[in-house]
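These notes concern the structure reproduced below.
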Amino acid sequence: MVKERKERRTSLPDLEGSDVPGGVVMRIAPGPSGPLHLGHSRVAVLNDEYVKMSGGRLLNRFEDTNPEKVDPEAYRMIAEDLDWLGVEVHQTVYQSDRFQRYYDVVRALTEMGQAYVCLCDSDEWRGMKVACQACGCRGLAPEESLERLDRLLSSHYSAGEAAAVVKTAIDHPNPALRDFIALRQVDRPHPRVGDRYNVYPMMNLSVAVDDHDLGVTHVLRGKDHLNNTHRQAYIYGHLSWTKPVFIHYGLVSIPDTVLKTSVIGQGIKDGEYRGWDDVRVGTLRALARRGIRPEAIRRYWLDVGVKQVDVQVSWDGLFAMNRDIVDPESKRYFFVPDPVPVEVEFDGSTESSCPLHPDRPELGVRSHGFEGDFMVHICAEDHEELQRKGMLRLKGLCNIESGETCRHAGDDKSVSRQGVRIVQWAPEGSLPAEVLMPDGSVTPGLVEPMDASPGEVVQFERFGFVRIESVGDRVRAVFAHR
RNA sequence: GCUCCCGUAGUGUAGUGGCCAAUCAUGAGGGCCUCUCGAGCCUUCGACCCGGGUUCAAAUCCCGGCGGGAGCACCA
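Going from the first sequence to our numbering is simple: count from 1 and add 26.
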C-alpha cells in the first residue's frame with residue numbers, strides 16, 4: 027500500500043456521508059443575546075467550510091426561544107459578524123416564527139403517548155427523575171394529556187405551573203437523558219414577535235424539529251451538546267424521522283479573555299467597557315478592531331480541526347497566522363513611544379529614505395529633508411542607549427554621537443556591525459499618536475507624517491502591527507501584535 | 001453520586017499495527033541575513049498519561065487505573 031507524503035493539512039478531514047446530491051445542508055444556531063465572539067467563530071467557520079467543500083447550503087437559525095435572553099440588536103450584529111468572517115449564509119430562519127409548528131409536533135407526540143403535560147412542582151419532578159420514578163402525569167392517557175396541552179396553550183395555567191415533557195426512558199442509566207421539557211409558559215413578550223405567544227419551546231424540541239424540517243444533513247457542534255444530541259434523537263425516534271449525521275468537536279477555552287456575552291453586556295451597562303468592540307473582550311468586532319483578519323481566524327480553526335479533544339486557543343498561534351497575512355501588505359512607519367527630543371548639530375543638508383515596505387521596493391520610500399541643525403524625537407529607552415553607547419543610528423537618516431550636544435556622525439550603515447543600535451525616530455512635523463493596547467491602556471507617542479486610511483493595518487517599526495483608526499491632527503491606532 | 005466524551009512537546013496538529021529513536025506550525029534558545037525587536041534562512045530544546053495484555057512488531061488493538069472536560073435546567 028502506498029502511503030501519502032506527509033503534508034501540512036490545509037483542509038478538514040472528509041465528513042462522513044457528505045456525498046449527498048446537492049451537497050450537505052448544515053446550520054449554525056446562534057442565540058441572539060449579543061454579537062459573536064471568538065469561540066462562536068469556530069462553529070461558524072467549520073460549518074461554512076464543510077458546506078463549501080461539498081457545494082451545499084448553510085442555514086443561519088436564530089435560536090430566540092427564550093425571550094429573557096434576546097437582545098434585539100443581536101440579530102443584526104450576528105449577521106454582520108458572519109459576513110465579516112466570510113461565512114456564506116444561504117437561508118436565515120427565526121425560531122420565533124415557528125412556534126405553531128413546535129406546538130403541532132408536541133401535540134403529535136402527545137397523541138402517540140410520547141409526551142405529556144406535567145403539573146408537578148418542578149423540584150419534585152426533578153427529584154423523581156434522579157430516582158428513576160415517573161410522576162403521576164406521565165402515565166395519564168393521551169386524551170387527558172391532550173386536554174392539558176390545550177389548556178397550556180390557551181393560558182389556562184400560570185407560568186411555572188405546567189410544562190409539556192417529551193418521554194425518553196425514565197430509568198435511563200444516564201440521568202441527563204430522562205424525560206425533558208419541551209414547552210413551558212413564560213409571561214413575557216418576545217422582543218421580536220411580541221406577545222403573540224406565551225408558551226415557549228425549549229431548545230431540544232425546536233432544534234430537533236427545525237433540523238428535520240429544514241433538511242439538515244449534518245449537525246456539527248461542540249461536544250457540550252452530546253447529551254442534547256441523545257435527547258433530540260428521542261424526538262427523531264418517536265416520529266420516525268431520519269437522523270442527520272452528528273459530529274461533536276471538543277470544547278474551546280480561550281485564555282485571558284472575557285467572552286461571556288452576559289458579562290460583556292453588563293460591563294457595557296456599568297460603563298466598564300466602551301462597547302461590544304472594546305479591545306479587552308473577545309468579540310469578533312473587538313478582534314476586527316485590533317487588526318485581526320477573518321482569514322486568520324478561519325485558518326486557525328481549520329488547523330485545530332474537529333477532534334473531540336478540548337483545545338486551548340493560543341493567541342500566539344492566531345497572531346502568527348495573522349502576521350502571515352498582514353505583513354506583506356503593511357506599510358512601515360516610525361512611531362516613537364515615550365518620546366525624548368534630541369537636538370543634532372549638522373552643517374550640511376540631507377534627505378532620509380526608508381522604504382514603505384522592505385520587501386516591496388516598488389511601493390516607494392518615506393523621506394524627510396534636513397538642513398543644518400535639526401531636532402528629532404527618539405524613545406526614552408533608545409535615548410538611554412545613546413548615552414550609554416555614545417552612538418546611535420537613526421534608521422534611514424544618519425548616525426549620531428552623544429556629547430554636550432548630539433552631532434551628526436556620518437551615514438555609515440556598517441556601524442550596526444559594531445553593535446550600534448538602529449532606531450526609529452520622529453522628525454519635526456510628526457503627529458501625536460495614541461496606540462490603544464489590548465489591556466485597554468493607551469501608549470502615547472509621535473508618529474511620522476503618514477499616508478494611511480482608517481482600517482488599514484500598518485507596522486510601526488520596532489513596535490508592532492497596528493490598525494489605524496483615524497488620521498488627522500493626531501493618529502489613533504489599535505495594537506494588533508508584534 | 002450517575003452518565004457520556006477525551007488523553008502525542010508550553011499550545012495546537014500529523015499519525016488508524018512495521019517506513020515513528022514520531023510530522024508540521026507556534027513558542028523558547030543560538031546563529032546568518034536584513035538600515036525594524038517584522039519577514040527570510042539555518043540550528044537547538046521539547047511529547048506518545050500510567051500499568052498490564054494481544055502480537056514477531058503498539059502512539060496506533062484490548063483491559064484496568066489515573067487525569068481532564070461536559071451533562072444530569074421550565075438556558076442555549
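Yeah, the Cβ is synthetic: ideal placement off N, Cα and C, and Gly gets one too.
Residues bridged to G490 by DSSP?
Position 464 of the first sequence, counted from the first residue, corresponds to residue 490. For G490, which the question treats as bridged, DSSP gives the partners F486.
Residues near D373 by beta carbon distance below 7 angstroms, same chain, minus five either side:
By one-based count along the first sequence, residue 373 stands at place 347. G398, listed in sequence order.
Contact check, G509 vs V352, beta carbons under 8 angstroms
Residue 509 cannot be examined here, being either before or after the span of the chain that is shown, 27 to 508.
Quick test of your reading: F360 and E487, contact by CB under 8 angstroms. State the CB separation rounded to the nearest angstrom.
Translated into the one-based positions of the first sequence, residue 360 becomes position 334. Translated into the one-based positions of the first sequence, residue 487 becomes position 461. Between E487 and F360 the Cβ distance is about 6 angstroms, and since that is below 8 angstroms, they are a contact.
Limits of the unbroken alpha helix (DSSP H) element including E173:
Along the first sequence, read from residue 1 onward, the residue named residue 173 stands at position 147. 168-179 is the span of the alpha helix (DSSP H), which, as asked, contains E173.
Identify the continuous beta strand (DSSP E) that holds P365 and give its terminal residues.
Numbered from 1 along the first sequence, position 339 holds the residue referred to as residue 365. It spans 365-371 - the beta strand (DSSP E) in which P365 sits, taken as one unbroken run.
Rounded C-alpha distance that separates E30 from P56
Taking the first sequence and counting its residues from 1, one reaches residue 30 at position 4. Taking the first sequence and counting its residues from 1, one reaches residue 56 at position 30. Only weak support exists for where E30 lies, its pLDDT of 31 falling under 50; the value from the coordinates is given anyway. Cα to Cα, E30 sits roughly 39 angstroms from P56.
Start and end residues, alpha helix (DSSP H) containing H66
Along the first sequence, one-based indexing puts residue 66 at 40. That run of the alpha helix (DSSP H) goes 64-80.
Where R204 falls: helix, strand or coil (DSSP):
As a first step, residue 204 must be located in the first sequence, where it is residue number 178. It is coil, neither helix nor strand.
How far does the beta strand (DSSP E) with V576 in it extend, from its first residue to its last?
One cannot answer for residue 576 here, as it falls past the ends of the chain, which runs 27 to 508.
Answer yes if the segment 128-140 comes into contact with the segment 193-213, meaning at least three C-beta pairs across the two stretches below 8 angstroms, and no otherwise.
yes
Which residues does DSSP list as the beta-bridge partners of V469?
Locating residue 469 in the first sequence gives position 443, counting from the first residue. At residue 469 the sequence reads Thr, which differs from the Val that was named. According to DSSP, which records beta bridges pairwise, T469 is partnered with V461.
Touching by the beta-carbon criterion (3+ pairs, under 8 angstroms), the segment 150-165 and the segment 265-275:
no
Mind checking whether I512 and V370 have CB atoms under 8 angstroms apart?
Only positions 27 to 508 of the chain appear in the structure, and residue 512 is not among them; the question remains open.
Is it buried or exposed, L64, if we count other Cβ atoms within 10 angstroms and call 16 or more buried?
For the purposes of this step, residue 64 is identified with residue 38 of the first sequence, where counting begins at 1. By the 10 Å Cβ count, L64 comes out buried.
Status (buried if at least 16 other CB within 10 Å, exposed otherwise) for V497
Along the first sequence, one-based indexing puts residue 497 at 471. Buried: at least 16 other Cβ atoms inside 10 Å.
Any idea if M417 is buried or exposed, counting beta-carbon neighbours within 10 angstroms, 16 or more meaning buried?
For this step, residue 417 is matched to residue 391 along the first sequence. M417 should be labelled buried.
Using the rule of at least 16 other Cβ atoms within 10 Å of the residue's Cβ for burial, across every protein chain shown, is A195 buried or exposed?
Locating residue 195 in the first sequence gives position 169, counting from the first residue. With fewer than 16 Cβ atoms within 10 Å of its Cβ, A195 is classed as exposed.
Is it right to say V468 is buried, meaning 16 or more other beta carbons lie within 10 angstroms of its own, or is it exposed?
The residue given as residue 468 occupies position 442 in the first sequence. By the neighbour-count criterion, in which a residue is buried when 16 or more other Cβ atoms sit within 10 angstroms of its Cβ, V468 is exposed.
With contact counted as at least three CB pairs below 8 angstroms, one residue from each stretch, are the segment 134-146 and the segment 162-178 in contact?
By the Cβ rule, the segment 134-146 counts as touching the segment 162-178, because three or more pairs are nearer than 8 angstroms.
Using the beta-carbon count (16 or more within 10 Å), is Q121 buried or exposed?
As a position in the first sequence, residue 121 is number 95, starting the count at 1. With 16 or more other Cβ atoms within 10 Å, it is buried.
Would you kindly work out how many angstroms separate the C-alpha atoms of H216 and K295, rounded to a whole number?
Counting from one through the first sequence, the residue named residue 216 turns up at place 190. Counting from one through the first sequence, the residue named residue 295 turns up at place 269. Each residue's Cα considered, the two are about 22 angstroms apart.
Does the beta-carbon of S232 have 16 or more other beta-carbons within 10 angstroms, so that it is buried, or is it exposed?
In the first sequence, counting from the first residue as 1, residue 232 sits at position 206. Burial call: buried.
To test your reading of the DSSP string, which unbroken beta strand (DSSP E) runs of 3 or more residues are found completely within the segment 409-448?
417-420, 424-427, 432-434
How many angstroms separate the CA atom of V115 from the CA atom of G48?
Taking the first residue of the first sequence as position 1, residue 115 is located at position 89. Taking the first residue of the first sequence as position 1, residue 48 is located at position 22. When rounded, the distance between both Cα atoms is 16 angstroms.
Just checking, does the segment 473-488 make contact with the segment 453-463 on the three C-beta pairs under 8 angstroms criterion?
yes
Bounding residues of the alpha helix (DSSP H) (the contiguous stretch that carries H238):
On the first sequence, residue 238 is found 212 positions in, with the first residue counted as 1. Segment 229-239, the alpha helix (DSSP H) holding H238.
List the endpoints of the continuous alpha helix (DSSP H) containing E321.
Position 295 of the first sequence holds residue 321. Where E321 is concerned, the enclosing alpha helix (DSSP H) stretches over 320-330.
Could you name the residues of the same chain whose beta carbon sits closer than 7 angstroms to that of G455, not counting the 5 residues immediately before and after it, in chain order?
Here residue 455 refers to the residue found at position 429 of the first sequence. Once the five neighbours on either side are set aside, the close Cβ partners of G455 are P475.
Tell me the rounded alpha-carbon separation between S442 and V366.
Within the first sequence, the letter at position 416 stands for residue 442. Within the first sequence, the letter at position 340 stands for residue 366. Straight-line Cα distance between these residues: approximately 22 angstroms.
Unbroken beta strand (DSSP E) run spanning R87, endpoints:
Taking the first sequence and counting its residues from 1, the one referred to as residue 87 is at position 61. Residues 83-88.
List the endpoints of the continuous beta strand (DSSP E) containing A503.
The count along the first sequence starts at 1 and reaches residue 503 at position 477. Note, A503: beta strand (DSSP E), 501-507.
Completely contained alpha helix (DSSP H) runs for the segment 37-67, where each covers 4 or more residues
none
Specify the secondary structure class of V96 as computed by DSSP and reduced to three states.
Translated into positions along the first sequence, residue 96 becomes position 70. Secondary structure at V96: coil, using DSSP grouped into helix, strand and coil.
Can at least three beta-carbon pairs, one atom from the segment 249-260 and one from the segment 85-98, be found at a separation below 8 angstroms?
Here the segment 249-260 makes no contact with the segment 85-98; the two share fewer than three CB pairs at distances below 8 angstroms.
Between the CA atoms of P363 and A509 - distance to the nearest angstrom:
Only positions 27 to 508 of the chain appear in the structure, and residue 509 is not among them; the question remains open.
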